[in-house]
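A.B. asks: Residue 785 in this note's numbering sits at position 67 of the sequence shown; the count goes up by one each step and never skips. Note that the Cβ used here is the ideal one computed from N, Cα and C, for glycine as well. Owing to the predicted nature of the structure, the values given are computational and were not obtained by experimental measurement.
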Amino acid sequence: MKKTLMLTAAFLMFQAAPVLAEDAAHDGKKMEREIPGDTNGDGLISESEFMARAKERFSSIDTNNDGKLSREEAKSAHEKKRAEMKEKKEEWKEKREAKKAEMEAKREAKKAEREAAE
Ligand SMILES: [Ca+2]
């Protein structure tokens, strides 16, 4: 039981961390983006909003709906999350490379323009 609770707590903390990290990463810039779990839209996460999201997360991990998280359920959820992150990382990489290629093409076009004017 104690292990189950510790696993749950670790998962919940893991889930809350990205939101906090996101805020820190954009320090000073006003974010217009919606905060996940901010159901009343006040830009803050109340205890009830936090707990609602935590319960939602718990339910998504508790695939056999027995109200407990088994080692297998936790592992499965962890692997699913890792796969999602890997996919996101690939998407970001593709976007970054596309942007880089776009910038390079613009640079080349400007260079050609300059050389044609000479
Ligand atoms: Ca379960």
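Return helix, strand or coil for Lys786, following the three-state DSSP convention.
C.D. replies: Correct three-state label for Lys786: coil.
A.B. asks: By Cβ distance below 7 Å, which residues in the same chain neighbour Gly761 in space, the five residues on each side in sequence not counted?
C.D. replies: Ile753
A.B. asks: In chain order, which beta strand (DSSP E) runs of at least 3 residues are fully inside the segment 791 to 835?
C.D. replies: none
A.B. asks: Hey, would you say Gly755 sits closer than 8 Å to Glu767, going by beta carbons?
C.D. replies: yes
A.B. asks: Quick check on DSSP: helix, strand or coil for Arg751?
C.D. replies: coil
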